[in-house]
Amino acid sequence: MIPVDPARFLADLHRLRGFGASGVGKGVVRPAFGDADIAARDWLIAQMQDAGLTVQVDAVGNVFGLAAGPSILLGSHTDSQPEGGWLDGALGVMAALEIARAAQAAGGPAVSVVSFQDEEGRFGVTTGSAIWSGHLDLTVADGLCDHAGLPFAAARRAMAGRVTGPVDPAQFTGFIELHIEQGPHLFQTGRQIGVVTDIVGIRDMNITLTGQQNHAGTTPMHARQDAFQALAAFNQALNDRLRNVVTPQTVWTIGHVALHPNASSIVPGRAEFSMQWRDASSARLDKMERIIRDTAEEIAGAHQMALNFGPMLGLEPVAMDPHLRAALETAAAQIAPDRWCALPSGALHDATNVARLMPVAMLFAPSINGISHAFEEDTDEGDLTAALQVLARAVAALA
Ligand code: GLV
Ligand code: MN
Ligand code: MN
């Protein structure tokens with residue numbers, strides 16, 4: 530047994546929420562490399578040191594607290610979406626800290642902690658762990674920009690003074706990430722724990738349609754090259770065409786749109802938007818990409834738009850390691866008998882990247898009303914501490 534302290538773990542979660550607390554519910558605004566994110570990482574570094582861990586920060590701001598010798602790695606991320614909740618990522622890092630701290634005090638087992646940087650994709654898709662795992666080349670990442678045009682290379686300079694050097698993945702025997710489900714299944718079925726079977730894959734790219742900016746009062750409707758109208762037509766055509774290839778679990782989202790110049794009396798000349806799609810099958814993701822590109826080309830032609838596709842980012846679907854997963858299932862059955870289940874993850878996680886380096890597994894706590902990536906995100910504190918106990922028990926059993 531690892532003698533974890535649930536009250537100390539909850540107090541740490543609330544303390545972490547203080548960095549970037551939004552004032553709306555338990556919301557948090559802590560995007561990667563912003564002041565609140567860096568302050569939270571500095572606080573985390575101090576907690577790791579107090580716990581007796583050796584801190585290392587790599588060149589892209591991933592923060593590690595290392596136990597001596599070979600160890601199991603636990604953690605997630607402490608950056609948030611532009612409007613996020615207090616648990617997405619934070620839960621996994623604070624549980625990791627509590628288990629590592631308790632294990633250090635008890636004389637073992639060796640547990641290391643990580644908070645990956647930019648999991649939420651301000652610059653890429655799970656950027657920090659994608660680079661650490663070798664999935665994303667640092668020089669490519671450095672050229673990626675956020676929606677305001679800030680390059681990753683410039684953003685990461687804000688943490689340059691804290692960088693100690695690269696962290697060798699060979700010292701870790703496996704990685705387990707605790708996270709909130711961020712969907713409705715566990716909450717709706719009254720379950721306390723989910724053990725993840727697989728994580729879906731994703732594709733993500735920016736698309737730009739460029740027409741002709743013009744006067745909104747004098748330009749006849751038939752003579753316009755209106756980028757918003759082209760985007761609206763693209764969206765409708767795409768929804769129709771995708772219906773033939775998707776499953777009920779497939780999702781696609783246009784979540785960020787920048788209209789230029791975004792003024793009431795100007796026919797918009799440019800629409801730049803994010804196009805993201807997710808599915809459990811790589812083949813289906815590829816098929817969707819073909820449909821997205823073909824539809825965009827067709828609509829651009831019909832609306833006299835120039836068309837540009839940005840770089841394609843993506844992650845393949847991955848299955849969890851059977852041995853680590855079995856340890857989580859055994860612990861879940863002990864802590865929450867009849868209140869746990871196995872389920873796939875529709876959200877992305879750093880675990881997808883880390884699976885390139887070592888065996889990985891994940892467990893979920895329920896999300897109240899299935900809400901996440903919103904200020905309303907929350908979980909019953911009894912469910913949070915149950916998840917901590919399951920993870921601690923599984924780690925002890927694996928050691
Ligand atoms: C991760 O935050 C995701 O978008 O699934
Ligand atoms: Mn997350
Ligand atoms: Mn998230």
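Oh and the sequence shown: position 278 is 807 in the working numbering, straight run, nothing missing. Yeah, the Cβ is synthetic: ideal placement off N, Cα and C, and Gly gets one too.
Under the 8 Å Cβ criterion, the segment 725-743 counts as touching the segment 870-885, having at least three qualifying pairs. Classified as buried, residue 858 has 16 or more neighbouring CB atoms from the shown chains inside 10 Å of its CB.
Secondary structure at residue 751: helix, using DSSP grouped into helix, strand and coil. If you keep only unbroken alpha helix (DSSP H) runs of at least 4 residues inside the segment 693-739, you get 714-717. Not one heavy atom of ligand 3 falls within 6 Å of the beta-carbon of residue 564.
Short of 6 Å from the beta carbon of residue 925, and not among the five residues preceding or following it, lie these beta carbons of its own chain, in chain order: 530 and 531. Going by DSSP, residue 901 is part of no alpha helix (DSSP H) at all; its letter is neither H nor E. Note: residue 837 is bridge-paired with 737 in the DSSP secondary-structure output. Taking non-hydrogen atoms of ligand 3 into account, the C-beta of residue 649 is found less than 6 Å away from one of them. Under DSSP, residue 789 forms a beta bridge with 799. Between the C-alpha atoms of residue 578 and residue 706 there is a straight-line separation of about 21 Å. Between residue 820 and residue 774, the beta carbon gap of about 7 Å places them in contact (Cβ cut-off 8 Å). Around the beta carbon of residue 659, 16 or more other beta carbons lie within 10 angstroms, which makes this residue buried.
Screening all residues for a C-beta within a distance smaller than 5 Å of any heavy atom in ligand 2 leaves 617 and 618, in chain order. Rounded to the nearest angstrom, the gap between the Cα atoms of residue 662 and residue 887 is 10 Å. Going by DSSP, residue 605 is part of the beta strand (DSSP E) stretching over 600-606. For the pair residue 586 and residue 746, the Cα-to-Cα distance works out to about 56 Å. Selection around ligand 1 by beta-carbon proximity, strictly under 5 Å to any non-hydrogen atom, yields 876 and 877 in chain order. In the structure shown, the three-state DSSP call for residue 773 is coil. The secondary-structure analysis by DSSP pairs residue 782 across a beta bridge with 805. Less than 7 Å separates the beta-carbon of residue 910 from that of residue 539. For the 7 Å CB-CB criterion, residue 906 and residue 650 do not form a contact. In the three-state DSSP reduction, residue 547 falls in the coil class, being neither helix nor strand.
In the DSSP assignment, residue 851 falls within the unbroken alpha helix (DSSP H) covering 851-864.
For residue 679, there is no enclosing alpha helix (DSSP H), since its DSSP letter is neither H nor E. Put simply, the backbone Cα of residue 772 is about 17 Å away from that of residue 761. Annotation: the continuous alpha helix (DSSP H) that includes residue 924 extends over 910-927. The segment 677-690 and the segment 751-765 do not touch, with fewer than three beta-carbon pairs separated by less than 8 Å. Apart from sequence neighbours up to five positions away, the residues of its chain that approach residue 620 with a beta-carbon distance below 8 Å are 542, 605, 707, 708, 709, 894, 908, 913 and 916, ordered along the chain.
A straight-line Cα-Cα distance of about 39 Å links residue 749 and residue 652.
CA-to-CA, the gap between residue 695 and residue 584 works out to about 12 Å. Cβ atoms of residue 739 and residue 798 come within 8 Å of each other, at about 7 Å.
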